[in-house]
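As structure tokens, the structure follows; a few thoughts come after it.
Number of protein chains: 2
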Amino acid sequence: MAIRGDSVGLKPRQRVTITDVATDLGLTKSTVSRALNGYPDIAEGTRLRVSRAAERLGYRPLSHAQAIRTGRVRSLGLVLQIDSEDSARPFLADFVAGITQAASDEHWTVTIAAEPTEAKVQETLSRLTEERKADGFILPRTLVEDTRVASLRAQGVPFIMFGRTPDPTGCAWYDIKGEEAMRAATTRLASLGHERIAHIPGGAQYFYSGLRIDGYKEGLAAAGLPFDPALIGPEAMTEQAGAAAATALLRNPNPPTAIVCAVDRAALGVYQAAKALDLRIGRELSVIAYDGVPEGAYSDPGLTTFAVNSHQAGARLATLLIQRIRGVAPEDLRELAPATLVERGSDRSPALTSADLAQRLTQHPKFKTIQWEDHQ
Amino acid sequence: MAIRGDSVGLKPRQRVTITDVATDLGLTKSTVSRALNGYPDIAEGTRLRVSRAAERLGYRPLSHAQAIRTGRVRSLGLVLQIDSEDSARPFLADFVAGITQAASDEHWTVTIAAEPTEAKVQETLSRLTEERKADGFILPRTLVEDTRVASLRAQGVPFIMFGRTPDPTGCAWYDIKGEEAMRAATTRLASLGHERIAHIPGGAQYFYSGLRIDGYKEGLAAAGLPFDPALIGPEAMTEQAGAAAATALLRNPNPPTAIVCAVDRAALGVYQAAKALDLRIGRELSVIAYDGVPEGAYSDPGLTTFAVNSHQAGARLATLLIQRIRGVAPEDLRELAPATLVERGSDRSPALTSADLAQRLTQHPKFKTIQWEDHQ
DNA sequence: ATGCTTGCCGAAACCGGTTTCGGAAGTTTT
DNA sequence: AAAACTTCCGAAACCGGTTTCGGCAAGCAT
Chain W
17 MAIRGDSVGL
27 KPRQRVTITD
37 VATDLGLTKS
47 TVSRALNGYP
57 DIAEGTRLRV
67 SRAAERLGYR
77 PLSHAQAIRT
87 GRVRSLGLVL
97 QIDSEDSARP
107 FLADFVAGIT
117 QAASDEHWTV
127 TIAAEPTEAK
137 VQETLSRLTE
147 ERKADGFILP
157 RTLVEDTRVA
167 SLRAQGVPFI
177 MFGRTPDPTG
187 CAWYDIKGEE
197 AMRAATTRLA
207 SLGHERIAHI
217 PGGAQYFYSG
227 LRIDGYKEGL
237 AAAGLPFDPA
247 LIGPEAMTEQ
257 AGAAAATALL
267 RNPNPPTAIV
277 CAVDRAALGV
287 YQAAKALDLR
297 IGRELSVIAY
307 DGVPEGAYSD
317 PGLTTFAVNS
327 HQAGARLATL
337 LIQRIRGVAP
347 EDLRELAPAT
357 LVERGSDRSP
367 ALTSADLAQR
377 LTQHPKFKTI
387 QWEDHQ
Chain S
17 MAIRGDSVGL
27 KPRQRVTITD
37 VATDLGLTKS
47 TVSRALNGYP
57 DIAEGTRLRV
67 SRAAERLGYR
77 PLSHAQAIRT
87 GRVRSLGLVL
97 QIDSEDSARP
107 FLADFVAGIT
117 QAASDEHWTV
127 TIAAEPTEAK
137 VQETLSRLTE
147 ERKADGFILP
157 RTLVEDTRVA
167 SLRAQGVPFI
177 MFGRTPDPTG
187 CAWYDIKGEE
197 AMRAATTRLA
207 SLGHERIAHI
217 PGGAQYFYSG
227 LRIDGYKEGL
237 AAAGLPFDPA
247 LIGPEAMTEQ
257 AGAAAATALL
267 RNPNPPTAIV
277 CAVDRAALGV
287 YQAAKALDLR
297 IGRELSVIAY
307 DGVPEGAYSD
317 PGLTTFAVNS
327 HQAGARLATL
337 LIQRIRGVAP
347 EDLRELAPAT
357 LVERGSDRSP
367 ALTSADLAQR
377 LTQHPKFKTI
387 QWEDHQ
């Protein structure tokens with residue numbers, strides 16, 4: 017290992033230290049420290065003089081110098097799981113931007129890591145807490161059984177979830193009301209005249225998946241439509257899977273004339289399936305989805321979807337996590353935000369009834385044989 | 017401001033400190049510190065005993081405790097610029113994963129921030145160095161005139177670029193040989209029989225844009241084809257712009273039968289333009305691009321492209337930056353890697369000559385009028 | 001006037017490391 | 001054998017903050 021001396025350093029230009037502020041005012045650094053940190057045994061006048069002097073001299077405490085005593089580094093941890101399949105995860109940039117900007121407003125920073133597997137994520141989470149690189153964590157995409165939650169909760173490490181969880185004990189969260197979006201999508205399709213409305217859910221390991229299925233069911237109930245388990249398709253998180261799921265649903269004897277997708281990507285797969293079977297989206301088959309990926313705007317017709325504001329989500333998560341670290345009870349840090357309906361052309365009144373659609377599908381040459389495999 | 021006492025802390029479970037290691041061995045912490053940091057005045061035997069004991073006890077120095085004396089926090093800084101237009105930036109997850117994994121191997125971490133404008137990026141960069149939140153920075157997407165480079169260079173802050181720059185003084189970099197890819201794409205198309213090959217460049221503000229144009233020209237020269245300035249289209253970084261650029265190029269009296277795109281997104285726009293004009297990609301119009309975005313695999317026909325390994329790029333950048341911070345000269349930290357050709361179906365022998373293509377285009381009803389505007 | 005609080009601040013210890021300095025051995029030189 | 005180096009480690013200062021503790025002065029009640 018090399019010794020320290022040979023490294024490239026930052027300019028030795030003197031920073032302003034707490035001692036500088038103290039001598040400037042004729043006080044001691046302990047007084048300055050307590051004044052700046054709101055201790056009650058400092059006179060109001062002194063506190064003012066100190067904060068003004070600090071401002072004037074441009075004093076910024078070094079968070080790592082504070083950390084040595086306080087154990088807190090003013091940094092939020094974000095550990096992502098990057099599966100190869102969704103390595104090009106949309107919105108990540110927006111999400112990160114939201115987090116870092118909110119953190120920066122409070123003079124906090126964000127420590128990020130990405131790992132390919134659940135186990136490695138867990139390992140990194142432990143390492144970062146062990147090395148005190150972060151004071152708390154943002155957990156995106158909570159799972160039904162989430163080892164991260166269990167482990168952090170057990171260790172008493174502050175965290176906030178982007179998503180909810182079966183056992184809310186000790187959990188703070190920010191989440192989008194996906195279930196409400198699914199419900200609204202379903203009633204919207206029903207009021208357009210659809211009577212057979214299917215649902216393509218997301219991955220069952222994600223907690224939101226169940227919520228969205230519930231929302232879909234509530235929508236059916238609100239519209240006075242019966243729930244048919246056969247209209248819940250196989251789960252789909254990719255275009256391919258979405259196409260496969262749509263095809264499977266359409267093979268139902270009473271096929272759906274509309275599909276509510278838990279995620280936009282699956283909906284784009286529905287487009288593919290429809291194209292292959294010569295169905296027009298928004299005519300013979302309507303679709304409403306959720307996420308708001310940019311491709312939805314470019315598809316033809318545009319995809320009607322409930323869009324998520326990732327930037328805002330990141331910002332709120334950061335803000336809430338900082339509060340959590342400062343000691344606010346997790347029960348007081350739970351926020352839900354609505355998704356925003358983006359109306360485009362994929363949801364219209366049905367051009368065919370379910371029966372007519374079935375009739376037409378059976379006559380389609382590819383209908384029996386078409387398959388959707390993983391693309392190269 | 018709240019006082020510190022009321023915050024949620026991590027378990028007070030005792031960490032292993034350097035003093036623990038020292039007393040365990042009957043040494044002083046100063047000896048242990050020097051042994052671990054490779055100082056020459058420690059006997060080899062002692063050094064071994066110390067590192068073994070540290071290992072056995074699970075000692076991990078706290079980087080912020082070290083930082084208070086050394087000024088180095090063992091953290092890499094990454095400040096992204098998130099324009100609203102490419103907020104869904106592809107590969108970001110992969111790129112970040114590469115960086116963090118390589119950093120983690122050396123027990124470093126990554127501090128990330130994202131800002132919407134160039135000025136704010138610059139501000140954040142300054143703040144992070146000022147607060148010693150990072151020991152050096154990774155600069156993605158270098159520009160022809162890059163204030164980040166100028167500023168960090170002037171301040172003597174270590175950094176590494178993902179990309180190259182007009183004035184390499186004091187600069188370390190890792191980059192992909194985009195120019196070589198453009199050259200190879202051009203010669204490849206020429207050897208397929210194309211004689212009119214156009215180029216749609218990327219944004220002129222990016223340094224790579226000029227490099228890729230040069231590569232394209234070299235390819236023409238190598239194939240013995242003349243360079244026609246009219247075959248360099250307007251720049252395009254989006255699908256819309258790509259479609260517009262392709263349409264403009266096709267309006268040339270001797271239209272190209274093949275187009276080399278600086279970025280995949282533009283190529284996907286070329287697909288749209290071709291579709292609108294009833295040209296088949298890989299038949300009447302061939303395309304080769306660069307990046308390797310996932311959509312390229314799903315388009316029809318698949319897009320032949322030179323793919324970039326973002327994960328590896330991130331990993332190398334992190335490794336090189338750490339070396340830079342440790343004092344290696346920037347001149348010794350410059351790496352170029354090739355892009356990987358992914359052969360799919362968008363490049364074939366021309367089905368029509370340029371003259372025939374021109375003929376056919378003039379007869380197309382939309383040809384004169386078609387326009388590409390920004391989508392909602 | 002005396003004793004007791006209370007308000008406010010200084011002195012000093014402390015956090016977990018790094019780095020300087022000096023000195024006790026052992027080795028080599030004279 | 002004394003002097004001069006080396007080798008190797010301990011003692012202590014130091015980094016930039018935070019936190020504990022104690023004490024002075026003013027205010028209040030007795």
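Residue numbers (our numbering), protein chains in the order written: chain W, 17 to 392; chain S, 17 to 392. Using N, Cα and C, we set each Cβ at its ideal position, and we do this for glycine too. Since the model is a prediction, treat every value here as computed from it, not as a measurement.
- Neighbours of lysine 149 of chain S in chain W, taken as residues whose beta carbon is under 7 Å from its own, are Thr125 in chain order.
- The C-beta of arginine 281 of chain W has 16 or more other C-beta atoms within 10 Å across all chains shown, which makes the residue buried.
- Between alanine 129 of chain S and valine 95 of chain S, the CB-CB gap stays under 9 Å.
- Just measuring C-alpha positions, the residue of S:Ala238, S:Ser302, S:Trp124, S:Glu255 sitting nearest valine 279 of chain S is S:Glu255.
- Across the structure, alanine 329 of chain S and isoleucine 176 of chain W are spaced so that their CA atoms are roughly 31 Å apart.
- For the options S:Leu41, S:Ala70, S:Leu78, the alpha carbon positioned closest to that of leucine 52 of chain S is the one of S:Ala70.
- Annotation for leucine 144 of chain S: the continuous alpha helix (DSSP H) segment containing it runs 134-146.
- For glutamate 196 of chain S, no CB of chain W lies under 9 Å from its own CB, so it is not counted at the interface with that chain.
- Residues of chain S whose Cβ lies closer than 7 Å to the Cβ of alanine 81 of chain W are, in chain order, Ile84.
- When secondary structure is reduced to three states using DSSP, valine 173 of chain W falls in the coil class, being assigned neither helix nor strand.
- Straight across, the Cα-Cα distance linking tyrosine 306 of chain S with aspartate 348 of chain W is about 49 Å.
- Runs of alpha helix (DSSP H) with 4 or more residues, each lying fully within the region 18-96 of chain S, are found at 34-41, 45-52, 60-73, 79-86, listed in chain order.
- CA-CA distance, glutamate 300 of chain W to leucine 352 of chain W, rounds to 35 Å.
- A distance below 6 Å between beta-carbons, with the five flanking residues on each side excluded, links alanine 246 of chain S to the following residues of its chain, in chain order: Asn268.
- By the beta-carbon neighbour count (other beta carbons within 10 angstroms, threshold 16), proline 217 of chain W is buried.
- Contact check for proline 317 of chain W against serine 362 of chain W passes: the beta carbons are separated by less than 9 Å.
- Under the three-state reduction of DSSP, threonine 185 of chain S is assigned to coil, being neither helix nor strand.
- Histidine 327 of chain S sits in a helix when the DSSP states are folded into three classes.
- Identification of residues in the region 279-295 of chain S having a C-beta nearer than 7 Å to some C-beta of chain W yields an empty set.
- As the crow flies, the alpha-carbon of leucine 368 of chain W is around 40 Å from that of aspartate 99 of chain W.
- The beta-carbon of tyrosine 314 of chain S is placed less than 9 Å from the nearest beta-carbon of chain W.
- Of the candidates S:Ala290, S:Val37, S:Gly93, the residue whose Cα lies closest to the Cα of serine 67 of chain S is S:Val37.
- Put simply, the CB of isoleucine 304 of chain S is far from chain W, with every gap to its CB atoms at 9 Å or more.
- The region 78-89 of chain S and the region 77-92 of chain W touch, with no fewer than 3 CB-CB distances between them shorter than 8 Å.
- The Cβ neighbour count for serine 207 of chain W, taken over all protein chains shown within 10 Å, is under 16; the residue is labelled exposed.
- With a threshold of 9 Å between beta carbons, valine 48 of chain S makes no contact with chain W.
- Taking the beta carbon of leucine 78 of chain S as reference, the chain W residues within 7 Å of it are Glu147, Arg148, listed in sequence order.
- Within 10 angstroms of the beta-carbon of glutamine 30 of chain S lie fewer than 16 other beta-carbons, which makes it exposed.
- For glutamate 300 of chain W, there is no enclosing beta strand (DSSP E), as DSSP marks it with neither H nor E.
- Contact fails between the region 164-171 of chain S and the region 285-295 of chain S, because fewer than three Cβ pairs, one in each stretch, are under 8 Å apart.
- Any Cβ of chain W closer than 9 Å to the Cβ of proline 156 of chain S would place that residue at the interface, and such an atom is absent.
- By the Cβ neighbour-count rule, alanine 220 of chain W is exposed, with fewer than 16 other Cβ atoms within 10 Å of its own.
- Residues of the region 129-147 of chain S whose Cβ lies closer than 8 Å to any Cβ of chain W, in chain order: Ala129, Ala130, Glu131, Pro132, Thr140, Arg143, Leu144, Thr145, Glu146, Glu147.
- Only residues of its own chain outside the window of five on either side were considered, and among them Ala292, Leu293 have a CB closer than 8 Å to the CB of lysine 382 of chain W, listed in chain order.
- In this chain, threonine 158 of chain S is not harboured by any alpha helix (DSSP H), its DSSP state being neither H nor E.
- Just measuring C-alpha positions, the residue of W:Thr181, W:Ile386, W:Thr116, W:Val276 sitting nearest valine 303 of chain W is W:Val276.
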